[in-house]
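Counting from 3, one number per residue, gives the positions in the sequence shown under the numbering used here. Have a look at the structure below before the remarks.
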Amino acid sequence: MVFPKVLLRLANWIMHQPIVKSCYGVAKKIKGYGFYDWGDFSSKPLHQPSPFPSIVKCDLEGRESQTLVCDIHRVLLMTHSFFPYFMLVAFEGGSILRALFLLCSCPILWFLNYELNLRVMIFISFCGLRIKDMENTARAVLPKFYLENLNHEAYEVVASAGSRVFFTTVPRVMVEGFLKEYLNADAVIATELHTVGCYFTGLLSGSGFLVKRGALKDYFGDRKPDLGIGSTSVHDQLFISHCKEAYVVISEEGKVMPREKYPKPLIFHDGRLAFLPTPSATLCMFLWLPIGFLLAIYRIFLGVFLCCNFTLMLGIWSGIDLNFNDCSQQRPELSKGVLYVCTHRTLLDPIFLSTCLGKPLTAVTYSLSKVSELIAPIRTMRLTRDRQQDGDTMKRLLYEGDLVVFPEGTTCREPYLLRFSSLFAELADEIVPVAMNAKVNMFYGTTASGLKCLDPVFFFMNPRPRYDIQILGKVPKEFTCAGGRSSHEVANYIQRQLADALGFECTNLTRKDKYMMLAGNEGVVQEKKGRRLC
């Protein structure tokens with residue numbers, strides 16, 4: 003009888019040791035989260051049944067004079083974890099090595115509590131990152147992914163309020179630009195990051211993480227906000243309890259905001275990643291990179307060095323999805339070349355068109371990199387942006403052979419067409435419009451602020467890039483300058499024809515608008531007189 007009692011006491015003593023308690027806690031955590039949802043880590047705050055009604059029951063009428071407060075994480079965004087947005091900062095603002103380091107930290111992040119989780123992701127993503135690079139990422143990259151994950155129900159409530167104040171523990175530099183630009187935020191109170199010179203240290207400022215409940219009291223004083231929106235976490239419920247009226251966002255009831263209802267049209271964005279980099283998706287990307295790079299070299303080799311009848315077939319066998327449709331009834335018989343007027347999706351547009359037509363073309367460009375110009379399998383000619391000089395150059399090229407022009411002047415990723423320059427309409431009356439569209443699923447093959455010489459590499463690194471090419475019929479003479487139309491009328495007519503063929507929308511935005519938004523310049527390459535650190 004003594005021996006069994008000793009065993010029971012020994013077992014009881016072991017079960018109360020700290021290491022066993024820790025292992026038991028980890029086991030409960032694993033059971034609670036499940037192995038399948040490893041992208042969420044332990045960033046879930048403690049949840050409990052909410053005494054507040056669901057946001058779907060909120061009445062939107064008569065709130066124009068009311069003040070609303072809410073968070074962006076787990077309220078406005080459908081994604082449960084903020085990891086994908088830190089990954090975007092690490093990859094687009096930092097480097098591929100920083101992104102790999104953040105991905106390798108996932109097993110550690112999974113076992114950390116909410117605050118430690120954020121601290122680690124902030125440190126890895128921001129340590130040594132230039133403030134300028136973060137500003138570019140926040141302006142040109144993050145808004146696209148925020149809009150694509152915007153909670154429709156939550157946004158409608160936010161949009162109904164006359165004044166909007168956002169409180170969030172997420173770093174202010176990651177969300178302030180989006181909240182003010184797209185949601186008309188009156189104020190954004192968030193966690194501040196420590197900086198030294200023009201670099202982030204990866205540490206929080208002296209005030210540490212924002213405590214939403216205390217920050218709300220400091221901002222409003224004795225006055226209570228009219229409306230509060232929060233998640234079902236305990237902290238959020240304490241936060242919105244200080245509002246006159248409060249609702250909670252239940253993830254099971256939400257749906258993603260459709261594109262046609264975006265607060266502002268998403269026309270321009272930058273960055274290389276074409277997918278939301280959740281941990282599993284990012285892991286797949288890194289596993290694909292070695293294969294994708296070799297595949298890109300092979301595909302580029304086909305186009306540059308193997309210009310033969312089998313090039314197109316070999317490219318399709320490598321995974322390129324090419325859809326070519328020639329709607330023209332007949333080819334114009336002219337004493338000079340054909341003028342092909344194309345929409346512009348990537349710098350590979352004229353190469354794919356030349357390959358599909360099976361004949362050499364000349365393409366005019368504005369800012370093609372020296373590397374791309376060197377390896378281009380077709381003839382390219384740089385324009386000077388001097389209207390008279392460029393017009394004379396293109397007239398000469400037309401007499402020498404077929405010419406491809408891109409009146410937009412730059413690429414656009416989204417289903418929009420930029421304003422067409424009217425110069426091409428003054429050069430020829432025999433015009434053939436070409437509707438082109440490119441689709442990718444991993445990397446974008448265009449950039450406004452990155453290295454343009456890598457554009458074809460990134461495009462061909464996609465597992466299955468797609469090109470849709472549709473040659474429309476020749477423009478009727480009555481819609482050309484020879485038929486009495488002005489060059490601007492011809493340009494607008496062809497822009498509309500191409501937009502209808504692709505299902506796109508026409509805009510009045512130009513190349514200058516794109517680069518001012520994405521890169522903070524007019525898209526004109528300046529001579530480098532010296533290197534600046536900031």
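C-beta: ideal position from N, C-alpha, C; glycine also. Keep in mind it's a predicted model, so treat the numbers as computed, not measured.
Between the alpha carbons of Asp328 and Thr386, how many angstroms are there, rounded? 32 Å
Helix, strand or coil at Ala378 according to DSSP, with G and I counted as helix: coil
Identified DSSP bridge partners for Glu507: Tyr418
Are the CB atoms of Thr170 and His75 nearer to each other than 9 Å? yes
CB of Ser423 within 9 Å of CB of Glu410, strictly: yes
Taking all protein chains shown into account, decide if Ala437 is buried (16 or more other Cβ within 10 angstroms of its Cβ) or exposed. buried
Give me, in chain order, the residues of the same chain whose beta-carbon lies closer than 7 Å to that of Pro435; leave out the 5 immediate sequence neighbours on both sides. Val343, Leu474, Val477, Ile496, Gln499, Leu500
With the cut-off set at 9 Å, would you say Leu349 and Thr413 are in Cβ contact? yes
Cutting at 6 Å between CB atoms, please list the residues of its own chain near Met136, excluding the five before and the five after it. Gly95, Val175
State buried or exposed for Phe312, treating a residue as buried only when at least 16 other CB atoms are found within 10 Å of its CB. exposed
Between the CA atoms of Arg100 and Val122 - distance to the nearest angstrom: 13 Å
Classify Ile16 as helix, strand or coil using the three-state DSSP reduction. Reliability of the predicted coordinates at Ile16 is poor, the pLDDT of 47 falling under 50, and the value obtained from them is presented with this limitation in mind. It is helical.
Buried or exposed for Val236, please, with buried defined as at least 16 other CB atoms from any protein chain shown within 10 angstroms of its CB. exposed
Quick one: residues in its chain with C-beta nearer than 7 Å to the C-beta of Ser489, no 5 flanking neighbours on either side, listed in chain order? Ser424, Ala427, Glu428, Cys483
When the Cα atoms are used, what is the spatial distance from Lys246 to Leu229? 6 Å
By how many angstroms is the C-alpha of Leu185 removed from the C-alpha of Ile299? 43 Å
If you draw a straight line from the alpha carbon of Phe93 to that of Pro458, how long is it in whole angstroms? 19 Å
Residue span of the beta strand (DSSP E) that contains Ile121, given as start and end: Checking the sequence shown, residue 121 turns out to be Arg, not Ile. Here Arg121 belongs to no beta strand (DSSP E); instead the alpha helix (DSSP H) covers 116 to 128.
Can you tell me whether DSSP reads Asp351 as helix, strand or coil? helix
Sequence-distant residues of its chain with Cβ nearer than 7 Å to Ile57 (five each side left out): Glu155, Ala156, Val159, Ile231, Tyr249, Val250, Val251
Out of Arg215, Ala192, Lys516, which has the shortest C-alpha to C-alpha gap to Leu206? Ala192
Residues in its own chain within less than 7 Å of Asp392 by CB, not counting five upstream and five downstream? Leu385, Thr386, Leu425
In chain order, what residues of the same chain have a beta carbon less than 6 Å from the beta carbon of Asn151, not counting five sequence neighbours either side? Leu79, Met80, Thr81
Where Asp388 and Asp404 are concerned, what is the direct C-alpha to C-alpha distance, given to the nearest angstrom? 22 Å
Can you list the beta strand (DSSP E) stretches of 3 or more residues lying completely in the region 267 to 348, in chain order? 323 to 328, 341 to 344
Measure the alpha-carbon distance for Ile487 versus Leu363 and round it to whole angstroms. The sequence as given places Arg at residue 487; Ile does not occur at that position. Using only the alpha carbons, I get a separation of about 28 Å.
Buried or exposed (CB count within 10 angstroms, at least 16 for buried), Gln390: exposed
Proximal residues to Thr546 (C-beta, below 6 Å), its chain only, five neighbours per side dropped: The requested residue 546 is not part of the displayed model; the chain covers only 3 to 536.
Unbroken stretches of the beta strand (DSSP E), 3 residues or longer, contained in the region 148 to 205: 165 to 173, 189 to 193, 195 to 198
First through last residue of the beta strand (DSSP E) which encompasses Asn439: 433 to 441
Nonlocal neighbours in the same chain, by C-beta distance under 8 Å from Ser374, ignoring five residues either side: Leu349, Lys454, Cys455, Asp457, Pro458
From the DSSP output, read off the bridge partner residues of Asp470. Asn325, Asn439
Please name the residue, chosen from Met518, Arg132, Asn443, Val71, that lies closest to Trp290 on a Cα-to-Cα basis. Asn443
Could you give the C-beta distance for Phe295 and Met89, rounded to a whole number, given that I count them as a contact under 8 Å? Rounded, the Cβ-Cβ distance is 20 Å, inconsistent with contact.
Can you grab the Cα-Cα spacing for the pair Gly305 / Ile380, in whole Å? 10 Å
What does a CB cutoff of less than 7 Å around Asp431 pick up in its chain, not counting 5 residues either side in sequence? Lys479, Thr482, Cys483, Ala484
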